[in-house]
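Engineer:
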Amino acid sequence: MELRIEFTKGVGDLQFGQSISQVTELIEEPTETEQIGEDMEMPTTVLHYTETGLSLFFEDTSEEALVCIDIHSQEATLFGQKTADKTPQEISRLLKDNNITDIEYDKEAPNEERISSEQNSADFYFYDNKLESITIGR
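Just so you know, we're using the working numbering here: the sequence shown kicks off at 21 and counts up by one.
(1) Mapping DSSP to helix, strand and coil, what is Gln42?
(2) Which residues share a DSSP beta bridge with Leu114?
(3) Per DSSP, which one or two residues make a beta bridge with Glu52?
(4) How long is the line joining the alpha carbons of Ile111 and Asn140, rounded to whole angstroms?
(5) Sorted by chain position, which residues of the same chain lie with C-beta nearer than 7 Å to Leu115's C-beta, five sequence neighbours on each side aside?
(6) On a CA-only basis, which of Ala96, Thr107, Thr81 is nearest Gln38? Give me that one, please.
(7) Taking 8 Å as the cut-off, decide whether the C-beta atoms of His68 and Glu54 are in contact.
(8) When you compare the CB positions of Thr97 and Ile154, do they come within less than 8 Å of one another, or not?
(9) Give every residue of the same chain whose Cβ lies closer than 7 Å to the Cβ of Asn131, excluding the five residues on either side of it in the sequence, and list them in chain order.
(10) Let's test the definition: count the other Cβ atoms within 10 Å of the Cβ of Ala41 and tell me whether it reaches 16, buried, or not, exposed.
(11) Whole-angstrom Cβ separation of Arg158 and Phe36, contact assumed at under 8 Å?
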């Protein structure tokens with residue numbers, strides 16, 4: 021499966037709003053299934069796909085709709101460019117070159133950084149100056 025990131029839409033054939041059954045038809049059964057947030061207002065089902073580096077989050081509403089995708093993959097692309105091992109400066113430049121202007125920077129810990137775009141529901145997580153994961157939502 022192509023891991024082409026499209027902000028607020030999804031990744032490749034995975035589109036926000038799809039049900040668990042629609043997703044499993046596209047990319048088979050997950051490596052692991054997890055239930056989180058039972059003690060909160062919005063319980064969530066998470067499907068983990070170890071081989072592709074994806075974690076898919078479904079809000080447990082009447083439809084169990086895909087609402088968030090966490091990407092840990094060397095194969096992901098954004099605006100036609102591979103994101104693997106990019107630095108914060110490279111991701112920031114890629115976002116700015118594609119008219120993403122609401123960029124926020126956070127230093128999480130000495131070796132950890134995060135770049136966010138609230139308008140695009142996207143977070144980029146870095147460790148030791150290299151991209152580790154991307155989280156996007158609808």
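Ideal Cβ placement from N, Cα and C applies to all residues, glycine included. Owing to the predicted nature of the structure, the values given are computational and were not obtained by experimental measurement.
Structural biologist: Short version:
(1) helix
(2) DSSP lists no partner for Leu114.
(3) His68
(4) 14 Å
(5) Ile123, Ser137
(6) Thr81
(7) yes
(8) no
(9) Tyr147, Asp148
(10) Note that residue 41 corresponds to Ser in the displayed sequence, not to Ala. The residue is exposed, with fewer than 16 neighbouring Cβ atoms inside 10 Å.
(11) 4 Å
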